[in-house]
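S.K.: Sequential numbering of the first sequence, starting at 63, is according to the numbering used here.
We treat Cβ as the ideally placed atom computed from N, Cα and C, and that holds for glycine.
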Amino acid sequence: MRVSRFLLSTTKETPADAEVISHQLMLRAGMIRKVASGLYSWLPLGLRVLRKVETIVREEMDRSGAQELLMPVVQPAELWQESGRWEQYGPELLRMQDRHQRDFCLGPTHEEVITDIARREIRSYRQLPANFYQIQTKFRDEIRPRFGVMRAREFLMKDAYSFHLDTDSLQQTYDLMHQTYCRIFSRLGLDFRAVQADTGSIGGKSSHEFHVLADAGEDDIAFSTQSDYAANVELAAALPPIKPRQAPGANMASVATPGQHSIEEVSNFLGIGASQCLKTLLVQGANNDVVALVLRGDHSLNEVKAEKLPQVHVPLTFATAEQVRAIASCDPGSIGPVGLRIRVIADHSAAQCSDFVCGANHDGRHLTGVNWGRDLPEPATADIRKVVTGDPSPDGKGEIAIRRGIEVGHIFQLADKYSQALNASCLDETGQGRIMQMGCYGIGVSRVVAAAIEQNHDDRGIIWPQALAPFQVALLPINLHKSPRLQDEVNTLYDELCNAGIEVMLDDRKERPGVMFADMDLIGIPCRVVISDRSLESSTVEYKGRRDSQSEDIPRENIIAFLRNKLSVC
RNA sequence: CGGGGUGUAGCUCAGUCUGGUAGAGCACUGCCUUCGGGAGGCAGGGGUCGUAGGUUCGAAUCCUGUCACCCCGACCA
Numbered sequence: 063m064r065v066s067r068f069l070l071s072t073t074k075e076t077p078a079d080a081e082v083i084s085h086q087l088m089l090r091a092g093m094i095r096k097v098a099s100g101l102y103s104w105l106p107l108g109l110r111v112l113r114k115v116e117t118i119v120r121e122e123m124d125r126s127g128a129q130e131l132l133m134p135v136v137q138p139a140e141l142w143q144e145s146g147r148w149e150q151y152g153p154e155l156l157r158m159q160d161r162h163q164r165d166f167c168l169g170p171t172h173e174e175v176i177t178d179i180a181r182r183e184i185r186s187y188r189q190l191p192a193n194f195y196q197i198q199t200k201f202r203d204e205i206r207p208r209f210g211v212m213r214a215r216e217f218l219m220k221d222a223y224s225f226h227l228d229t230d231s232l233q234q235t236y237d238l239m240h241q242t243y244c245r246i247f248s249r250l251g252l253d254f255r256a257v258q259a260d261t262g263s264i265g266g267k268s269s270h271e272f273h274v275l276a277d278a279g280e281d282d283i284a285f286s287t288q289s290d291y292a293a294n295v296e297l298a299a300a301l302p303p304i305k306p307r308q309a310p311g312a313n314m315a316s317v318a319t320p321g322q323h324s325i326e327e328v329s330n331f332l333g334i335g336a337s338q339c340l341k342t343l344l345v346q347g348a349n350n351d352v353v354a355l356v357l358r359g360d361h362s363l364n365e366v367k368a369e370k371l372p373q374v375h376v377p378l379t380f381a382t383a384e385q386v387r388a389i390a391s392c393d394p395g396s397i398g399p400v401g402l403r404i405r406v407i408a409d410h411s412a413a414q415c416s417d418f419v420c421g422a423n424h425d426g427r428h429l430t431g432v433n434w435g436r437d438l439p440e441p442a443t444a445d446i447r448k449v450v451t452g453d454p455s456p457d458g459k460g461e462i463a464i465r466r467g468i469e470v471g472h473i474f475q476l477a478d479k480y481s482q483a484l485n486a487s488c489l490d491e492t493g494q495g496r497i498m499q500m501g502c503y504g505i506g507v508s509r510v511v512a513a514a515i516e517q518n519h520d521d522r523g524i525i526w527p528q529a530l531a532p533f534q535v536a537l538l539p540i541n542l543h544k545s546p547r548l549q550d551e552v553n554t555l556y557d558e559l560c561n562a563g564i565e566v567m568l569d570d571r572k573e574r575p576g577v578m579f580a581d582m583d584l585i586g587i588p589c590r591v592v593i594s595d596r597s598l599e600s601s602t603v604e605y606k607g608r609r610d611s612q613s614e615d616i617p618r619e620n621i622i623a624f625l626r627n628k629l630s631v632c
């Protein structure tokens with residue numbers, strides 16, 4: 063490709079509304095342009111990268127035995143009503159009507175459509191297992207689209223759906239997809255982790271998210287420092303403390319804490335650590351009642367864990383101010399577990415505290431020297447907090463460390479959630495109809511592009527992993543317009559590179575060298591070859607890798623072999 | 001949804017308080033000089049100041065409505 067025939071729309075200035083690096087660089091490099099909030103056009107440069115991701119995903123899905131198909135973006139309401147999601151889905155589902163006032167939606171995902179296909183087409187167990195995938199645009203009407211294509215409303219996704227006669231078969235394909243995803247993200251050159259994830263409202267036994275590790279990520283991932291344990295923080299178990307609770311050493315006393323509400327305020331006011339304070343959260347119970355959740359002051363409630371308690375209402379809802387006053391006769395900020403006449407559930411680590419401080423259920427007062435068993439009943443205990451750095455790893459090996467991750471893949475077992483609702487069954491060996499088991503496997507293709515940049519950039523621009531680069535080699539002639547001889551030479555070299563199957567971008571603009579260097583660094587081409595009258599004299603060309611600090615002279619006749627070697631190694 | 005902010009040239013922004021008929025840098029076009037890390041000069045093109053209405057002799061500027069975009073918030077207990 064010659065730059066003179068290519069839309070290379072780079073800018074020096076960073077658009078004001080781009081917050082994260084990947085968004086800034088994608089705009090500056092001329093990969094994407096915003097059309098409306100959360101909606102982007104992919105310019106030629108960006109599309110080349112997107113296609114690279116697609117190609118790798120497609121190759122590995124095909125290799126795993128999955129079959130590609132393509133389903134419509136616009137889907138009829140009837141299918142969604144059948145699964146129950148027309149009502150369940152909130153405003154994220156963009157609904158519309160056609161000219162006949164029939165209801166449709168833009169597909170945020172395709173379980174309904176694929177299940178409809180399966181129930182029509184699959185008759186016999188002999189056709190199973192089957193795994194269908196597509197690479198298709200999705201639409202989710204996000205409350206707050208941000209970070210460019212990282213959290214856009216319209217995005218490109220690879221989604222696959224597998225069908226099985228039984229759960230063993232489902233597990234096998236699930237495991238195969240786990241391996242396939244590892245292959246895909248390895249080939250993409252990304253530093254990623256497969257982490258145990260919450261199965262959410264869908265339920266099912268296991269679920270894994272694939273995260274690219276990057277500070278701009280929106281999820282917290284908990285790792286073991288010594289094993290390969292990794293889990294979404296929402297899921298990571300906090301083990302109960304091993305040490306027994308210390309015996310009470312103080313008498314309970316009520317102290318005035320005027321205007322001190324938060325744990326931080328109270329602990330500062332009393333001059334004690336936050337871990338010596340307990341916080342009490344009143345939430346709606348499952349039986350139209352109110353439940354108190356007690357945590358150590360330095361810990362945070364894990365809402366996902368709390369929702370799994372049978373006594374707690376789903377979704378987790380905090381008690382209203384009126385309920386708080388009725389139960390604790392004080393404002394939030396002074397609640398404590400002592401004397402509460404409702405169910406109290408304490409986190410394991412809160413239950414281990416002794417001589418602690420808590421709200422006195424009296425505005426402007428707290429209790430000190432409080433002890434379970436003596437001043438109030440021993441509480442029911444559960445794991446309801448978020449793990450923190452330094453906690454023991456749930457698998458018993460090492461400690462927890464927490465890093466940010468960008469979710470680029472998610473696999474889970476749907477079991478019969480959709481096949482049951484849509485009555486997707488087939489005949490088994492005995493001729494009996496059986497509801498099929500389903501798995502679901504997604505990769506955010508457009509998000510992968512942003513994630514790759516978050517992980518691979520410097521102050522000059524993007525540094526593409528070899529597999530994602532829009533072009534493999536940038537060929538930069540210096541002062542091309544002045545030297546007919548250089549023009550001949552560079553054209554010859556360009557043809558040689560193209561014939562060698564190397565994707566090369568020839569900068570044939572009448573630009574100064576600094577401009578060309580800066581542009582090629584910005585758009586992140588991994589290999590740079592500079593050719594000039596000077597190099598013609600010595601029969602060499604100059605090579606520099608995007609991450610290299612120094613260039614090296616390569617004999618002209620060796621350059622193709624040299625580049626081939628570089629490209630295969632990278 | 002609540003709170004805050006911004007809409008002026010393709011981009012980044014000044015001008016708004018104090019009304020007088022629109023500017024800078026970058027980008028773009030032409031010419032000259034320069035020529036190995038985002039050069040310099042000269043000349044030029046480009047804006048119904050988001051939009052609708054109002055006040056006024058006169059509105060980018062003041063008032064009202066409206067639309068779009070951005071940021072923050074939804075565990076004080």
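In the DSSP assignment, find the unbroken alpha helix (DSSP H) run with G150 in it and report its ends.
M.R.: What you label residue 150 is simply residue 88 of the first sequence in a count that begins at 1. Position check: residue 150 holds Gln in this sequence, whereas Gly was assumed. It spans R147 to Q150 - the alpha helix (DSSP H) in which Q150 sits, taken as one unbroken run.
S.K.: Roughly how many angstroms separate the alpha carbons of S231 and F254, rounded to a whole number?
M.R.: Stepping through the first sequence from its first residue, residue 231 is reached at position 169. Stepping through the first sequence from its first residue, residue 254 is reached at position 192. S231 and F254: Cα-Cα distance of roughly 27 Å.
S.K.: Taking the beta strand (DSSP E) that G108 falls in, what are its first and last residues?
M.R.: Counting from 1 along the first sequence, the entry for residue 108 is found at position 46. Counting along the chain, G108 falls outside any beta strand (DSSP E), though it belongs to the alpha helix (DSSP H) covering P106 to R125.
S.K.: Helix, strand or coil for F209 per DSSP?
M.R.: Residue numbering aside, residue 209 sits at position 147 when the first sequence is read from its first letter. In the structure shown, F209 sits in coil (DSSP, three-state: anything other than H, G, I, E or B).
S.K.: Going by the CB atoms, is the gap between A354 and V406 shorter than 7 Å?
M.R.: Numbered from its first residue, the first sequence carries residue 406 at position 344. Numbered from its first residue, the first sequence carries residue 354 at position 292. Yes, they are a contact pair.
S.K.: Which residue or residues does DSSP assign as beta-bridge partners of G501?
M.R.: Start at 1 with the first residue of the first sequence, and residue 501 comes out as number 439. Per DSSP, S224 and Q475.
S.K.: Assuming I587 contacts R608 under a Cβ cut-off of 8 Å, what Cβ separation, rounded to an integer in Å, is found between them?
M.R.: Start at 1 with the first residue of the first sequence, and residue 587 comes out as number 525. Start at 1 with the first residue of the first sequence, and residue 608 comes out as number 546. Indeed, because the Cβ distance is near 7 Å, the residues count as touching under 8 Å.
S.K.: Which residue comes first and which comes last in the alpha helix (DSSP H) that contains D557?
M.R.: Against the first sequence, residue 557 aligns to sequence position 495. Unbroken alpha helix (DSSP H) run through D557: P546 to N561.
S.K.: Reducing DSSP to helix, strand and coil, say where E440 ends up.
M.R.: In the first sequence, residue 440 corresponds to position 378, counting from 1. It is coil, neither helix nor strand.
S.K.: Across the segment 294-303 and the segment 498-515, are there enough close Cβ pairs to call them in contact, namely three or more that are closer than 8 Å?
M.R.: Contact annotation: the segment 294-303 does not touch the segment 498-515, with fewer than three C-beta pairs closer than 8 Å.
S.K.: Q475 and Y236 - do their beta-carbons sit closer together than 7 Å?
M.R.: Your numbering for residue 236 matches position 174 in the first sequence. Your numbering for residue 475 matches position 413 in the first sequence. Yes, the Cβ-Cβ distance between Y236 and Q475 is below 7 Å.
S.K.: Got a sec: does the ligand SAM put a non-hydrogen atom nearer than 6 Å to the Cβ of T72?
M.R.: Among the components of this structure there are no ligands whatsoever, and the ligand SAM is therefore not found.
S.K.: Along the beta strand (DSSP E) that carries Q346, what are the first and last residues, could you check?
M.R.: By 1-based counting over the first sequence, the position of residue 346 is 284. Its beta strand (DSSP E) spans residues L340 to Q346.
S.K.: Sort G169, E491, T177 and A192 by Cα distance to K479 and report the nearest one.
M.R.: Indexing the first sequence from 1 puts residue 479 at position 417. Checking every option, the nearest Cα to that of K479 belongs to T177.
S.K.: Straight-line CA distance for Q528 to G251?
M.R.: By 1-based counting over the first sequence, the position of residue 528 is 466. By 1-based counting over the first sequence, the position of residue 251 is 189. Distance between the alpha carbons of Q528 and G251 is about 8 Å.
S.K.: When the Cα of V317 is compared with those of Y503, V535, M219 and H428, which residue comes out closest?
M.R.: Position 255 of the first sequence holds residue 317. Closest by C-alpha distance to V317, out of Y503, V535, M219 and H428, is H428.
S.K.: Counting Cβ pairs closer than 8 Å, one from the segment 422-441 and one from the segment 366-382, do we hit at least three?
M.R.: In short, these stretches do not touch, since the Cβ pair count stays below three.
S.K.: Quick one: grab the DSSP three-state call for H240.
M.R.: Taking the first residue of the first sequence as 1, we reach residue 240 at position 178. Correct three-state label for H240: helix.
S.K.: If you reduce the DSSP assignment to three classes, tell me which class Q517 lands in.
M.R.: Locating residue 517 in the first sequence gives position 455, where the first residue counts as 1. Three-state DSSP puts Q517 in a helix.
S.K.: Just list the residues that DSSP pairs K606 with in beta bridges.
M.R.: Counting from 1 along the first sequence, the entry for residue 606 is found at position 544. DSSP lists R590 as partners of K606.
S.K.: Based on Cα-Cα distance, which residue from M578, Q163, M133 and R206 lies nearest to S99?
M.R.: As a first step, residue 99 is located in the first sequence; it is residue number 37 there, counting from the start. That would be R206, whose Cα lies nearest to the Cα of S99.
S.K.: Just how far apart, CA to CA, sit K305 and A413?
M.R.: Taking the first residue of the first sequence as 1, we reach residue 305 at position 243. Taking the first residue of the first sequence as 1, we reach residue 413 at position 351. For K305 and A413, the distance between alpha carbons rounds to 12 Å.
S.K.: Would you check if the distance between the CB atom of I83 and the CB atom of H472 is smaller than 7 Å?
M.R.: Along the first sequence, one-based indexing puts residue 83 at 21. Along the first sequence, one-based indexing puts residue 472 at 410. Their beta carbons are not under 7 Å apart, which means I83 does not touch H472 by this criterion.
S.K.: Nearest to D550 by CA position, among A512, E491, L598 and L69, is which residue?
M.R.: Locating residue 550 in the first sequence gives position 488, where the first residue counts as 1. Looking at the Cα atoms, L598 is the closest of the given residues.
S.K.: Please report the distance separating the alpha-carbon of Q86 from that of P77.
M.R.: Your numbering for residue 86 matches position 24 in the first sequence. Your numbering for residue 77 matches position 15 in the first sequence. When rounded, the distance between both Cα atoms is 7 Å.
S.K.: Are V119 and I325 close, meaning C-beta to C-beta below 7 Å?
M.R.: Position 57 of the first sequence, counted from the first residue, corresponds to residue 119. Position 263 of the first sequence, counted from the first residue, corresponds to residue 325. The Cβ-Cβ distance between V119 and I325 does not fall below 7 Å.
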